[in-house]
Amino acid sequence: MGMHLWGKTDRLLAAGLDVSARRAQVLSHNIANVNTPGYKRKDIDFRRVLQQVNEEIERGEKGAMEARTPGSIAHQAAVRNDGNSVDVEREMAYLAENSLRYNSMVEILNRRIRLLRAAISEGRR
Amino acid sequence: MGTFGTFGISASGLTAERLRMDIIAGNLANANTTRSADGEPYQRRFAVFAPIEEPGQRSVGRGVRVVGIYKDRRPPKLVYDPNHPDADEHGFVSYPNVEPVREMVDLITATRAYEANVTAFNAAKNMANKALEIGR
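Next up, the structure:
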């Protein structure tokens, strides 16, 4: 067994940041198209994509750290008269949720890096 | 593209909505223009939007673009005013097919959509700033 500086959690966190950043992009795309007739909203299922990444890490594949292109889900929810399915309130809620998740993942990653730094300096500051 | 691609997407939304507001302002300013460059009454204009995205379910999308600005083909409003220099032989003046109420409603929609894009932009900015804190 080899010693790894970065564990499974760190790699999952990095992948999570990646997926979260991409989801922000999809949500911004929805908001930019709020007045485009016939546009159908897209989304990324964070939990499902991260689960896939987790399985890849479990299988020992290294693909988790690099940029991935998760599938967009075309929701067919409440459609307006012009065939557009974007609901600004919902997009705003998702955007806030996504930012919060991103920030918390950065926070956790930082704490882990701090632990690593403490271990490297043998507990000295 | 990551976090920085989001800025471009929101910017495209801002540009599109701003253009829509410009067109609405032009419609309102010309609500009573009976003589445009071609001698006809002014015709209401409107912008048509389309998403920028590669075909297929997996594409993330890169924002919105303005496909074109079109003229509203509905007939002009006829007002009886025989003394008007643009009146026809029956004394009717053709006024633009601009409805101020409709324009105002469109203006509010464009304003709100603009603000929504600003919010999305700020969210992306906060995320990018937070990313700078990694390892600090």
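Going line by line, the protein sequences match chains A and B. One point on numbering: in my numbering, the residue at position 120 of the first sequence is 116, and numbering is uninterrupted. If you want my numbering, it's the 1-based position in the second sequence plus 664. Idealized CB from N, CA, C, for every residue including glycine. Computed from a predicted structure; not experimentally measured.
*Using a beta-carbon distance below 8 Å, is E797 of chain B in contact with chain A?*
With respect to chain A, the C-beta atom of E797 of chain B has a partner C-beta closer than 8 Å.
*From what residue to what residue does the beta strand (DSSP E) around P715 of chain B run?*
For P715 of chain B, the uninterrupted beta strand (DSSP E) run begins and ends at R709 to P715, by DSSP.
*What in chain A is Cβ-close to N691 of chain B, meaning under 8 Å?*
Going along chain A, no residue has its Cβ under 8 Å from N691 of chain B, so there is no contact; the nearest lies around 16 Å.
*What span of residues does the alpha helix (DSSP H) with R729 of chain B cover, start to end?*
First-last for R729 of chain B: V728 to K735, but that is the beta strand (DSSP E), not the alpha helix (DSSP H).
*Give the range of the alpha helix (DSSP H) segment to which L112 of chain A is assigned.*
Note, L112 of chain A: alpha helix (DSSP H), V84 to I116.
_Interface residues of chain A facing K735 of chain B [CB-CB closer than 7 Å]_ = The contacting residues do not exist; K735 of chain B stays about 18 Å from chain A at best.
*In whole angstroms, what separates the C-alpha of G690 of chain B from that of G12 of chain A?*
Rounded to the nearest angstrom, the gap between the Cα atoms of G690 of chain B and G12 of chain A is 46 Å.
*Pairing CB atoms from the stretch 755 to 765 of chain B with CB atoms from the stretch 690 to 707 of chain B, are three or more of them under 8 Å?*
Taking 8 Å as the limit for Cβ pairs, the verdict is that the stretch 690 to 707 of chain B does touch the stretch 755 to 765 of chain B.
*is_contact[P715 of chain B, chain A] using C-beta, thresh 8 Å*: P715 of chain B counts as touching chain A.
*Which full runs of the beta strand (DSSP E) of 3+ residues lie inside the stretch 754 to 779 of chain B, going along the chain?*
Within the stretch 754 to 779 of chain B, the runs of beta strand (DSSP E) that reach at least 3 residues and sit entirely inside it are, in chain order, 756 to 759.
*Taking Cβ positions only, does N77 of chain A come closer than 8 Å to chain B?*
No, no contact with chain B.
*Any idea what DSSP makes of L796 of chain B, helix, strand or coil?*
L796 of chain B: coil per DSSP, three-state reduction.
*Does the beta carbon of L1 of chain A sit closer than 8 Å to a beta carbon anywhere in chain B?*
L1 of chain A does not count as touching chain B.
*For T783 of chain B and chain A, any beta-carbon pair shorter than 8 Å?*
By this cut-off, T783 of chain B is an interface position.
*Could you tell me whether the Cβ of Q48 of chain A comes closer than 8 Å to any Cβ of chain B?*
No, Q48 of chain A does not count as interfacial toward chain B.
_Rounded separation between S700 of chain B and D750 of chain B - CA only_ = Distance between the alpha carbons of S700 of chain B and D750 of chain B: 11 Å.
*In chain A, what lies closer than 7 Å to K794 of chain B by C-beta?*
Chain A residues near K794 of chain B: Y98, N99 and V102.
*Kindly indicate if chain B contains any beta-carbon less than 8 Å away from that of K4 of chain A.*
Cβ-Cβ to chain B under 8 Å: no for K4 of chain A.
*For K36 of chain A, three-class secondary structure by DSSP*: Reduced to three states, the DSSP call for K36 of chain A is coil.
*Reducing DSSP to helix, strand and coil, say where V15 of chain A ends up.*
In this structure, V15 of chain A counts as helix in the three-state DSSP scheme.
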